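K.L.:
The structure under discussion is supplied below as structure tokens; questions concerning it will follow.
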Amino acid sequence: KMKLIPVHDLIKDKSLLLIDDSIVRGTQLRETTEFLYQSGAGEVHIRTACPPLLYGCKYLNFSRSSSEMELITRRTIKEMTGNAANVNLSAYSNPDSPEYQEMVKRIGVQLNFTS
Numbered sequence: 777k778m779k780l781i782p783v784h785d786l787i788k789d790k791s792l793l794l795i796d797d798s799i800v801r802g803t804q805l806r807e808t809t810e811f812l813y814q815s816g817a818g819e820v821h822i823r824t825a826c827p828p829l830l831y832g833c834k835y836l837n838f839s840r841s842s843s844e845m846e847l848i849t850r851r852t853i854k855e856m857t858g859n860a861a862n863v864n865l866s867a868y869s870n871p872d873s874p875e876y877q878e879m880v881k882r883i884g885v886q887l888n889f890t891s
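This is the structure we're talking about:
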């Protein structure tokens, strides 16, 4: 694990933007966000290149999971619906749907993102 050394003059009370390829489990971004807030950041925004991952891929190491429930999207959908099984995921893959918008909003809250 890499040790991060904050440069407080560049972080304190600033609005920061993190760019990542995707959010799979949320662990790394949660830890990084907490670290930035502890280092004095005023806001932490995130932008990802990939939409929220609803399915793991056995061929891509970064999204390989022993369970689909390791994915932050699936945990969030379970929280929203009270059910992990038998949920139609098509609404959660459509960026224009209210379900998708609510899922993304909840992920941001869970990870403590400003936006």
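What the sequence shown shows, in my numbering, is residues 777 to 891, in sequence order. Ideal Cβ positions, reconstructed from N, Cα and C, are used throughout, including at glycine. Everything numeric in this text was worked out from a predicted model, so none of it was measured.
1. When burial is assigned at 16 or more other CB atoms within 10 Å of the CB, is V820 buried or exposed?
2. Sort Y813, R806 and E807 by Cα distance to H784 and report the nearest one.
3. Consider the Cβ of T824: report whether some Cβ of chain D lies at a distance smaller than 8 Å.
4. Are at least three pairs of beta-carbons, each pair with one atom in the region 795–805 and one in the region 822–833, less than 8 Å apart?
5. Please state whether DSSP places S791 in a helix, a strand or coil.
6. Let me know if L847 comes out buried or exposed under the rule of 16 or more other beta-carbons within 10 Å of its beta-carbon.
7. Output yes or no for whether 8 Å exceeds the beta carbon distance between M845 and A860.
P.N.:
In terms of the structure at hand:
1. Along the sequence shown, one-based indexing puts residue 820 at 44. V820 should be labelled buried.
2. The residue labelled residue 784 in the question sits at position 8 within the sequence shown. For the residues Y813, R806 and E807, the minimum Cα distance to H784 belongs to Y813.
3. In the displayed structure, chain D is absent; only one protein chain is listed.
4. Taking one beta carbon from each stretch, the region 795–805 and the region 822–833 have 3 or more pairs nearer than 8 Å; the two touch.
5. One-based indexing of the sequence shown puts residue 791 at position 15. In the structure shown, S791 falls within a strand segment according to DSSP collapsed to helix, strand and coil.
6. Walking along the sequence shown from the start, residue 847 turns up at place 71. Per the 10 Å Cβ criterion, buried.
7. One-based indexing of the sequence shown puts residue 845 at position 69. One-based indexing of the sequence shown puts residue 860 at position 84. In this structure, M845 places its C-beta atom within 8 Å of the C-beta atom of A860.
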